[in-house]
Amino acid sequence: KAGVTQTPRYLIKTRGQQVTLSCSPISGHRSVSWYQQTPGQGLQFLFEYFSETQRNKGNFPGRFSGRQFSNSRSEMNVSTLELGDSALYLCASSLISQHEQFFGPGTRLTVL
Amino acid sequence: AQSVTQLDSQVPVFEEAPVELRCNYSSSVSVYLFWYVQYPNQGLQLLLKYLSGSTLVKGINGFEAEFNKSQTSFHLRKPSVHISDTAEYFCAVGGSARQLTFGSGTQLTVLP
Chain H
31 KAGVTQTPRY LIKTRGQQVT LSCSPISGHR SVSWYQQTPG QGLQFLFEYF
81 SETQRNKGNF PGRFSGRQFS NSRSEMNVST LELGDSALYL CASSLISQHE
131 QFFGPGTRLT VL
Chain W
88 AQSVTQLDSQ VPVFEEAPVE LRCNYSSSVS VYLFWYVQYP NQGLQLLLKY
138 LSGSTLVKGI NGFEAEFNKS QTSFHLRKPS VHISDTAEYF CAVGGSARQL
188 TFGSGTQLTV LP
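First to last, the sequence lines map onto chains H and W.
Using our numbering, you'd call the opening residue of the first sequence number 31 and step up by one each time.
Using our numbering, you'd call the opening residue of the second sequence number 88 and step up by one each time.
As structure tokens, then:
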């Protein structure tokens, strides 16, 4: 069974731009969560989607948003990029009946 | 609120020696506990999980962990490490919501 896939793997943007990251969960997984990983703040929860609805949201500004499609694929968007948004963005999927989450390889975003 | 403390940011150990990576958590409700491993430029791989039942859980690659409710700990152990175990290890706690709270990570370096 294929794992979680994320595209693109690497991205370079400049301040003020916006970016969209994509995540395809493991087949059959309907819950998708997003995390930000930085050297200073570590791993932080962004949000979780299930059945196209955001169920939980972490403590991030409104510039961070996401959505989920009917096939469970998810996208996250960051508008008006700031230097501090440079990070590894990780997507994780899970079966709704289970608690463990399976992570993708991440998208490395660099904001210049 | 939940929190996770990984007491050691770096653990150097010689090949074939045993290792213990320490993790303490705090939570006001029942928790689920996880250990993930991250190799350079990769996402997180689930090593093992504690959901309920036996307090000693075994995971992949010869790792095991023991859940201690009275000490609110979930330490990770391996009796004999290999060079290939060099990576960063994260302890995480989850609850009923699908939102993981991670520790700051422990860099395990296995020396020849």
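Cβ atoms here follow ideal geometry from the backbone N, Cα and C, with glycine treated the same way.
On a predicted model such as this, the values are computed, not experimentally measured, just so you know.
GLY149/W places its beta carbon less than 9 Å from that of PRO166/W. In this structure the region 104-111 of chain H does not lie against the region 125-144 of chain W, because fewer than three pairs of beta carbons, one per stretch, are closer than 8 Å. Inter-residue distance for GLN66/H and THR173/W is about 23 Å (C-alpha atoms, whole angstroms).
Using a Cβ-Cβ cut-off of 9 Å, GLU112/H does not count as an interface residue toward chain W, since no Cβ of chain W sits closer than that to its own. Per DSSP, reduced to three states, the secondary structure at LEU113/H is helical. Assignment of ILE42/H by DSSP, reduced to helix, strand and coil, places it in the strand class.
Considering only GLY182/W, ALA184/W and GLU175/W, the residue with the shortest C-alpha distance to LEU108/W is GLU175/W. Pairing THR44/H with ALA117/H, the inter-Cα distance amounts to about 14 Å. Per DSSP, the continuous beta strand (DSSP E) segment holding CYS53/H begins and ends at 49-54.
Cβ-Cβ separation between GLY136/H and GLN36/H: approximately 6 Å, consistent with a contact (criterion under 8 Å).
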